[in-house]
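Scroll down for the structure; my scribbles are underneath it.
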Amino acid sequence: METKNSFLLVNPHFLFNTLNTIARVAYFEHAAKTEELIYCLSDLLRYNLKQDNNLHPLSDELENIKKYLYIQKIRLKNRLNYEIDIPETILQHRIPNMILQPIVENALLHGITPKHDAGLIRITAEQQGNSYFIYVSDNGYGFPDEVLKSLTERDFSKIETTTTKSGIGLLSTNKRIQYFFGSSYGLSIKHSDFTGSTVCLFLPVK
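The opening position of the sequence shown corresponds to residue 925 in this note's numbering, with each subsequent residue numbered one higher.
And the structure:
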């Protein structure tokens, strides 16, 4: 059996208990940063396993994103900076969980990681009437041409045939948004070139 399949057979409770045990060991060894990393990873895994058909506060999604970016910041050090600036009135809106994760992960892997200098990921939002927009921006190298073309034309069927992880993640996110809220909503590219990209999520107030 493949290793990845074997991992899926591990009882989640055992996994979380083990991570908590390791974190406590780090605490007693006065390794505060290691302890925080382990707790962040544990929370991240727990949130990832919680996918359901319920809507959750945007604030919960952003807490998960903060933990993800914190872990990546430790790994990349000064090569990664991030800012999250969401109005309080928008934080209470409800969305499916794991909607932002693929967008932020794409910005990191394909925008920031290839850079040799400091990269920046910004998450902002604005409300217009009964809808609102979430923007995930980075100062990286932009999307691959085939993904950008499909997104610009809003032709997600083309993305489905690509093997790029960025395309598949964006496709999945768009499908989930439309599953919950209808075809009027979804994601699009507001900007993308060699100076960076901005992905826009268009969502209804819930």
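All residues carry an ideal CB built from backbone N, CA and C; glycine is no exception.
### Message
Going by DSSP, what residue range makes up the alpha helix (DSSP H) through D967?
### Response
Following the DSSP letters along the chain, one finds D967 inside the alpha helix (DSSP H) bounded by residues A956 to N972.
### Task
For N1098, name the three-state secondary structure that DSSP assigns.
Reduced to three states, the DSSP call for N1098 is helix.
#### Entry: Buried or exposed by the 16-neighbour rule on C-beta atoms within 10 Å, applied to F1118
Looking at its Cβ environment, which holds fewer than 16 other Cβ atoms inside 10 Å, F1118 is exposed.
### Query
Between the region 1024–1041 and the region 1092–1108, do at least 3 Cβ pairs fall closer than 8 Å?
With contact defined as three or more Cβ pairs closer than 8 Å, the region 1024–1041 and the region 1092–1108 are in contact.
### Message
Does the structure place the region 1046–1062 close enough to the region 1029–1036 that three or more beta carbon pairs sit under 8 Å?
### Response
Look at the beta carbons and you see the region 1029–1036 touching the region 1046–1062: at least three pairs across the two are nearer than 8 Å.
### Message
DSSP three-state label for T1086, please.
### Response
Residue confidence is low: T1086 scores 46 on pLDDT, short of 50, so the model does not pin down where it sits. No coordinate-derived value is stated.
### Query
Quick one, which of K991, T958 and P1020 has its alpha-carbon nearest P981's?
Answer by Cα proximity: P1020.
### The beta strand (DSSP E) enclosing N1005, as first and last residue numbers
Judged by DSSP secondary structure, N1005 falls within the beta strand (DSSP E) whose first and last residues are L1004 to D1009.
### Query
Pick from A956, H954 and T1037: whose alpha carbon is nearest that of L993?
With distances taken between CA atoms, L993 lies nearest to T1037 out of A956, H954 and T1037.
### Task
In the DSSP assignment, find the alpha helix (DSSP H) that holds H937 and state where it starts and stops.
For H937, the uninterrupted alpha helix (DSSP H) segment begins and ends at P936 to F952.
### Query
Where do the ends of the alpha helix (DSSP H) carrying L982 lie?
Per DSSP, L982 belongs to the alpha helix (DSSP H) from L982 to L1000.
### Query
Looking only at its own chain, which residues have a Cβ that is under 7 Å from the Cβ of E985, when we skip the five neighbours before and after it?
These residues qualify, in order along the chain: I1019, N1021, I1023 and L1024.
### Query
Taking the alpha carbon of A1100 as the point to measure from, which residue in S1116, L1127 and N935 has its own alpha carbon closest?
It should be pointed out that residue 1100 corresponds to Arg in this sequence rather than to Ala. Per the Cα distances, L1127.
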